[in-house]
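Chains as they are written, first to last, in my numbering: chain C, 1 to 309; chain S, 310 to 562. Inspection log for the structure reproduced underneath, given as structure tokens.
Below you can see the structure in the form of structure tokens.
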């Protein structure tokens, strides 16, 4: 159903945008490689939407650049062929049918009219094609927005909170569509503030807060950079805790015979136990919990967007 | 560019507003034509007698009644993009926003011309039989009537540009439409009644449109038709250019 096509590389470089006194995006730099799904993650008000809109030429950045294979969006000759975007699910004339909405953009781009029906089929909206959009549910509008983005069979997809309003089936469906597109070489950048939506299908994370890059990389890389805890079970818990403290590590009891060790690697804990002749019944790296990492990385004492000093 | 213009036509014809405003334009034209003929020869009426060429030109100029609704249609066509946020996919498809405004100028100019032609048809259908009952035979190719009809087409078309331009400048739909109606129906009619301002009021859009269609009124003087056309087109283009640079290029958030 989806043909193979290599997408462009997205590069955001030192992007800065200020609205009034609020610095929405602050010297933000990251890249998204073709053939993968990058999750753009941050709490509400972190600057995700502003970044995506600047990337798409809808707002003017104060400084920095955002490009597709080196070219800014406004320099693309027929941008719908290269980049598809879902920015919000409310960009339709309520009295126009979904099919006619798509046909408008077929006309703008010179695509054949049947392309509108093809993308409606891809997003599962054929049954509602001739109905006015005001009768669509939020989930249907999200699907129509995605259909609009897919119209030009672009190499890059930029999606801002595309799962908003989708039910669990819809989210699973979206995940499959994006997976397939990524496997076919497309570059996909998808923002969300809901971690569970992303954790299952995103390869690469870009985490922002208060307009600034907090961390980027795969889940493992980000977790490692955070310093992952080591989980231990031992019948000699007190001796173990004392040994860890002596060694400069930090240990918390998590049960009558288990502990979580920080500031030490799995190897170090194993060697320590061996040296001290402490019996270990279980030794493992703590599983990655994106939510915990996210909350730790985006802690905001005030929750208010930062003002320019 | 032709794709952009065709897309604008598709946007227009995939909702119903154009139909209601066309019917409204025809209704207004029939009403104005009826009033002009029924009361045209009343004593005290500032319009020249119906039997005279200027009187006949005034009757056949009523199709310009469509101009207000065409301006409203055009203003809604532009501001609707912002109101319904379709401006996002529109500018994503065409990042050079000036081209979008240009395509709308062309589209609503053509729509205005088409509305004018239809309203002229309505005028002729009402006026010819009615004037015949008053013993006035009309030669549509004489008495300056062809120039008046051409003026009607030009005036209504240019009001389309005006609506697009004003919409681009204000972006806000309700403000644009209300402003347009208040101006055309209240502000300009009041201002043109102040005699000491008559050197200036001839350059107002409504008066310029009247000049273009060679309306004659004994209590008001107008520019030459070509001057009226230029003044009117000037308003549309100044608004559109100012709107493109001041408003349309602003951030779409």
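All residues carry an ideal CB built from backbone N, CA and C; glycine is no exception. From a predicted model like this one, the values you see are computed outputs, not experimental measurements.
Can you tell me where the beta strand (DSSP E) with residue i in it begins and where it stops?
i	result
residue 216/C	212-217
residue 413/S	That residue, residue 413/S, is in no beta strand (DSSP E); its alpha helix (DSSP H) goes 406-442.
residue 278/C	Careful: residue 278/C lies outside any beta strand (DSSP E) and carries neither H nor E.
residue 160/C	156-160
residue 68/C	63-68
residue 252/C	250-255
residue 93/C	That residue, residue 93/C, is in no beta strand (DSSP E); it is neither H nor E in DSSP.
residue 5/C	Here residue 5/C belongs to no beta strand (DSSP E), and DSSP marks it neither H nor E.
residue 234/C	From DSSP, residue 234/C is part of no beta strand (DSSP E); its letter is neither H nor E.
residue 30/C	22-32
residue 259/C	258-262
residue 192/C	187-192
Would you say residue i and residue j are within 9 angstroms of each other, going by their C-beta atoms?
i	j	result
residue 232/C	residue 262/C	no
residue 184/C	residue 200/C	no
residue 32/C	residue 189/C	yes
residue 378/S	residue 334/S	yes
residue 366/S	residue 430/S	no
residue 459/S	residue 421/S	no
residue 54/C	residue 17/C	yes
residue 70/C	residue 109/C	no
residue 50/C	residue 19/C	yes
residue 552/S	residue 410/S	yes
residue 475/S	residue 345/S	no
residue 482/S	residue 534/S	no
residue 372/S	residue 425/S	yes
residue 129/C	residue 145/C	no
residue 12/C	residue 211/C	no
residue 324/S	residue 96/C	yes
residue 84/C	residue 206/C	no
residue 155/C	residue 131/C	no
residue 310/C	residue 56/C	Given that chain C is displayed from residue 1 to residue 309, the structure contains no residue 310/C and the question cannot be resolved.
residue 293/C	residue 178/C	no
residue 554/S	residue 58/C	no
residue 364/S	residue 355/S	no
residue 214/C	residue 290/C	no
residue 539/S	residue 380/S	no
Who are residue i's beta bridge partners in DSSP?
i	result
residue 209/C	212/C
residue 179/C	DSSP, once it has assigned bridges, lists no residue as partnering residue 179/C.
residue 204/C	38/C
residue 13/C	65/C
residue 85/C	158/C
residue 19/C	22/C
residue 72/C	67/C
residue 463/S	Looking at the DSSP assignment, residue 463/S forms no beta bridge with any residue, so it has no partner.
residue 532/S	Partner(s): none; residue 532/S has no beta bridge.
Considering just the uninterrupted stretch of the alpha helix (DSSP H) at residue i, what are its terminal residues?
i	result
residue 553/S	No alpha helix (DSSP H) contains residue 553/S, which DSSP labels as neither H nor E.
residue 382/S	375-392
residue 348/S	326-348
residue 318/S	311-322
residue 397/S	396-402
residue 507/S	507-510
residue 481/S	Per DSSP, residue 481/S belongs to no alpha helix (DSSP H) and is neither H nor E.
residue 58/C	Where residue 58/C is concerned, there is no enclosing alpha helix (DSSP H), given that its DSSP letter is neither H nor E.
residue 228/C	Run containing residue 228/C: none; DSSP gives neither H nor E here.
residue 446/S	Run containing residue 446/S: none; DSSP gives neither H nor E here.
Quick test of your reading: residue i and residue j, contact by CB under 8 angstroms. State the CB separation rounded to the nearest angstrom.
i	j	result
residue 137/C	residue 161/C	About 16 angstroms; that fails the 8 angstroms criterion.
residue 408/S	residue 313/S	6 angstroms
residue 119/C	residue 150/C	5 angstroms
residue 470/S	residue 549/S	7 angstroms
residue 202/C	residue 98/C	The pair is not a contact, with the Cβ atoms about 28 angstroms apart (cut-off 8 angstroms).
Scan the stretch 245-264 of chain C for residues whose Cβ lies nearer than 7 angstroms to a Cβ of chain S and list them as they occur along the chain. Only those residues of the stretch 245-264 of chain C whose C-beta falls short of 7 angstroms from the nearest C-beta of chain S would be listed, and there are none.
Quick one, which residues of the stretch 21-52 of chain C are near chain S if we go by CB-CB under 9 angstroms, in chain order? 49 and 50
Chain S contacts from the stretch 71-85 of chain C (Cβ-Cβ distance under 7 angstroms): 73, 74, 79, 80 and 85
Could you name the residues of the stretch 121-140 of chain C whose beta carbon sits closer than 8 angstroms to any beta carbon of chain S, in the order they occur along the chain? Contact residues of the stretch 121-140 of chain C toward chain S are absent (C-beta to C-beta distance below 8 angstroms).
Check each residue of the stretch 371-392 of chain S: if its Cβ is closer than 8 angstroms to any Cβ of chain C, include it; give the result in chain order. 389
Using a Cβ-Cβ cut-off of less than 8 angstroms, list which residues of the stretch 208-237 of chain C approach chain S; keep chain order. Within the stretch 208-237 of chain C, no residue has a Cβ that lies closer than 8 angstroms to any Cβ of chain S.
Would you list, in chain order, the members of the stretch 462-488 of chain S that have their beta-carbon closer than 8 angstroms to a beta-carbon of chain C? none
Select from the stretch 2-16 of chain C all residues with a C-beta closer than 7 angstroms to any C-beta belonging to chain S, and list them in chain order. none
Residues of the stretch 396-409 of chain S with a CB closer than 7 angstroms to any CB of chain C: list them in chain order, please. 397, 398, 400, 401, 402, 403 and 404
Taking a cut of 8 angstroms between CB atoms, which residues from the stretch 147-164 of chain C lie near chain S? 148
Contact set between the stretch 56-72 of chain C and chain S, restricted to residues whose Cβ is under 8 angstroms from the partner: Under the 8 angstroms Cβ criterion, the stretch 56-72 of chain C contributes 56, 57, 58, 59 and 60.
Return the residues of the stretch 84-98 of chain C that lie within a Cβ-Cβ distance of less than 9 angstroms from chain S, sorted by chain order. Taking 9 angstroms as the upper bound on Cβ-Cβ separation, chain S lies near residues 84, 85, 87, 88, 90, 91, 92, 93, 94, 95, 96 and 97 of the stretch 84-98 of chain C.
Under 9 angstroms (Cβ pairs) to chain C, residues found in the stretch 324-335 of chain S: 324, 325 and 326
With 7 angstroms as the limit, tell me which residues of the stretch 103-117 of chain C have their beta carbon closer than that to any beta carbon of chain S; keep them in chain order. Flagged, chain order: 103, 104, 105, 107, 108, 109 and 110.
Name, going along the chain, the residues of the stretch 273-292 of chain C whose beta-carbon falls closer than 7 angstroms to a beta-carbon of chain S. none
Just by C-beta distance, which residues in the stretch 526-551 of chain S are closer than 9 angstroms to chain C? none
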